[in-house]
Structure formats: C-alpha cells, structure tokens
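Note sheet for the following structure.
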Amino acid sequence: MHAIKGLVKSAVPRGAYAALYSLFIRLRGLSSILYRGDAVECPFCGGRFTRFLAWGLKLPVIDEKRIIGAGFRENALCPRCRSFDRERLLYLYLRDQTRIFTASDKKIRLLHIAPEWHIQRVLSKRPGIDYTSADLSSPTAMVKLDVTAIQFADQSFDAVICNHVLEHIPDDRKAMSEIYRILKPGGFAILQVPIALALEKTVEDPSIDDPKKREELFGQDDHVRVYGKDYAERLRDVGFVVEAVNYAREIGDEAAKRYGLLRDETVFVGVRS
Ligand SMILES: [Zn+2]
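Residues are numbered in our numbering as their position in the sequence shown, beginning at 1, plus a constant of 182.
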C-alpha cells in the first residue's frame, strides 16, 4: 500500500490523491463486507470471509510447467487487508514451526530481503526480533542492499527471509552464497521461489532479455529463469542443509483451505549447519 501511495502521490495533485485514497479505503471496506462469512480466515487481520479474492495472470507457461507460487490463483488476496496467499503461508510457518516468535533468551537478528508488507509489519513489531528490512530499490525497506554483494559481516544473522527474489537475479548462486555467509551457524533462511513441478531441471538463459520472451518462457517478464525440481540442489551446492516443508499439507486440507494456502507450495528452508 505504501508503494502504491507513493506512486499515486507523485502522479496526482494533493486533493485528488486524498480523494483516490479515500476511495481505495472505501472499496476495501466494501469488499470485506461483500465477502463476509466464515469459510476462510486471514491470520493477519483476523477477518473471516466466504472466500479470498482471485489474483494473478493466466499464462500458458504456468499451466504447462505447473509453476507453483505464480500466475492466477483463485484464493490469493484477503478481501480486507490484501494479504497474499504466500504471505499467509510464510507467517503461519514462521509462527508455528520456528522459534523466532517465541525465543526469549536473546533477540533473534533477522534480515528480511524484499520485504512483504504484512510480514514486515508483524515481524518489525515483535520485541524478541532485531529486525532489518532491505531492498535494492524499495523506499519502504530500512536499508539498501544488493543480494549478490551483501554489506553485512559473516555470521551476523540468525535468520534471513528472501522470498521470490532469486528468480530475478542473474547470478543467483552468488546471492545464495551471500545469504549463507551472513548466517550464523544454526541460522536459517527462508528462500521461496516459483517452482515448476513439471521440470526436472531449472530452465534459464541469460541471453534472453526481451520481457515478452521472458514471460513466455519463465512466467513473468522480469524473471531470468524458472526453477525446476533441482532447486534444492542449487541451495545445497552453496552449503545449505535444505529442509523442504510442505506446510499446507502438514496442517491438513481443511486448515490449508481455511487460510487460503496453496496446497503444493513447499517452504524451502536453508540451514547453515
Ligand atoms: Zn486480512
């Protein structure tokens, strides 16, 4: 929302901006009333609805390669707070499967790269987390950071979250090894990317820079590859011990449906041993 606010702000006069903003707020209120119910529940805003809202592009490559975590999804957006399916998955996983919300002995030092808005809001408020958000260009992040040349010292973070970033980075192996380098032994990184379940091997071609061609081959016009089932291997190559957790299946179909999680989305956790 803040990024949208910034864009709108710079493009329209102040009065018009205020009118647009209040329209957005009213529409948001309207959709949360229209979809009021008890079939699904958003863990961020606590809202209960008949369904989540559909979102994403329908592209042939998404279906052909069975790319999970990209393209059109029926139950993507919360009608009230606009949380995405992948944010809800990450939040529930972090809350229920890691110690970052409960650690009380000392603060968890956490780096959140390309921060998702709802996750950032929750984590940055936790008293037990020493939170830093970082991005190459986003004005809402706390520091500017190039994931292939991270400015932080070796072994300086307990946890890193870097979701849906690596598929944009030409030298993703360098980014992976940088994340590994800044983790303390025993620390972990959440490294979500879109995965093509129909591909045994990752498809990439750095010479393709035409956005149309990229969208056709990789599923989005600024992606430089589409990862296949060998994604975990690539993480292992830089030293990570990889835990691939299908959290949506672990909590069962009923709960996964309630929180609007993608059934086939695996959480990739890279642990520095
Ligand atoms: Zn919500």
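Glycine included, every Cβ here is placed at the ideal spot set by N, Cα and C.
Per-residue DSSP class, three states only, for residue i
{"i": "residue 406", "result": "coil"}
{"i": "residue 373", "result": "coil"}
{"i": "residue 231", "result": "strand"}
{"i": "residue 361", "result": "helix"}
{"i": "residue 431", "result": "helix"}
{"i": "residue 378", "result": "strand"}
{"i": "residue 356", "result": "helix"}
{"i": "residue 291", "result": "strand"}
{"i": "residue 188", "result": "Annotation note: pLDDT 41 at residue 188 (below 50); position unreliable, coordinate value reported separately. In the structure shown, residue 188 sits in a helix (DSSP, three-state: H, G or I)."}
{"i": "residue 249", "result": "strand"}
{"i": "residue 414", "result": "helix"}
{"i": "residue 201", "result": "helix"}
{"i": "residue 237", "result": "strand"}
Endpoints, alpha helix (DSSP H) assigned at residue i
{"i": "residue 306", "result": "299–307"}
{"i": "residue 400", "result": "393–400"}
{"i": "residue 316", "result": "Unbroken run through residue 316 is the beta strand (DSSP E), 311–317; no alpha helix (DSSP H)."}
{"i": "residue 244", "result": "242–246"}
{"i": "residue 440", "result": "435–440"}
{"i": "residue 445", "result": "From DSSP, residue 445 is part of no alpha helix (DSSP H); its letter is neither H nor E."}
{"i": "residue 269", "result": "267–279"}
Own chain, CB closer than 8 Å to residue i, minus 5 neighbours either side, in chain order
{"i": "residue 185", "result": "Model confidence at residue 185 stands at a pLDDT of 42, short of 50, so the residue's coordinates are unreliable and nothing is read from them."}
{"i": "residue 238", "result": "252, 253, 254, 255 and 258"}
{"i": "residue 408", "result": "243, 247, 249, 349, 376, 378, 381, 384, 385, 386, 399, 400 and 401"}
Extent of the continuous beta strand (DSSP E) to which residue i belongs
{"i": "residue 420", "result": "Residue 420 -> no beta strand (DSSP E), and no H or E assigned at all."}
{"i": "residue 259", "result": "255–259"}
{"i": "residue 341", "result": "339–344"}
{"i": "residue 220", "result": "218–223"}
Anticipated Cβ contact below 8 Å, residue i with residue j, distance rounded
{"i": "residue 226", "j": "residue 300", "result": "5 Å"}
{"i": "residue 298", "j": "residue 269", "result": "5 Å"}
{"i": "residue 375", "j": "residue 348", "result": "5 Å"}
{"i": "residue 364", "j": "residue 336", "result": "7 Å"}
{"i": "residue 449", "j": "residue 423", "result": "About 14 Å; that fails the 8 Å criterion."}
Cutoff 8 Å: residue i Cβ touching any chain C Cβ
{"i": "residue 283", "result": "Given the protein chain composition of this structure (a single chain), no chain C is represented."}
Cβ shell of residue i (< 7 Å), same chain only, five flanking positions each side left out
{"i": "residue 443", "result": "267, 270, 271 and 430"}
{"i": "residue 383", "result": "410 and 412"}
{"i": "residue 484", "result": "The structure shown does not extend to residue 484, since the chain is modelled only from 183 to 455, so the question has no answer here."}
{"i": "residue 459", "result": "Look at the range of the chain in this structure, 183 to 455, and you will see that residue 459 is not part of it."}
{"i": "residue 282", "result": "276, 290, 292, 311 and 341"}
{"i": "residue 440", "result": "222 and 223"}
{"i": "residue 285", "result": "310"}
Nonlocal neighbours in the same chain, by C-beta distance under 6 Å from residue i, ignoring five residues either side
{"i": "residue 421", "result": "362"}
{"i": "residue 406", "result": "352"}
{"i": "residue 232", "result": "217, 219 and 221"}
(request) Decide if the region 385–403 is in contact with the region 243–257; the criterion is three or more beta carbon pairs, one per stretch, under 8 Å apart. (result) yes
(message) I'd like to know if the region 304–315 and the region 324–339 are in contact, where contact means that at least 3 CB-CB pairs between them fall below 8 Å.
(response) yes
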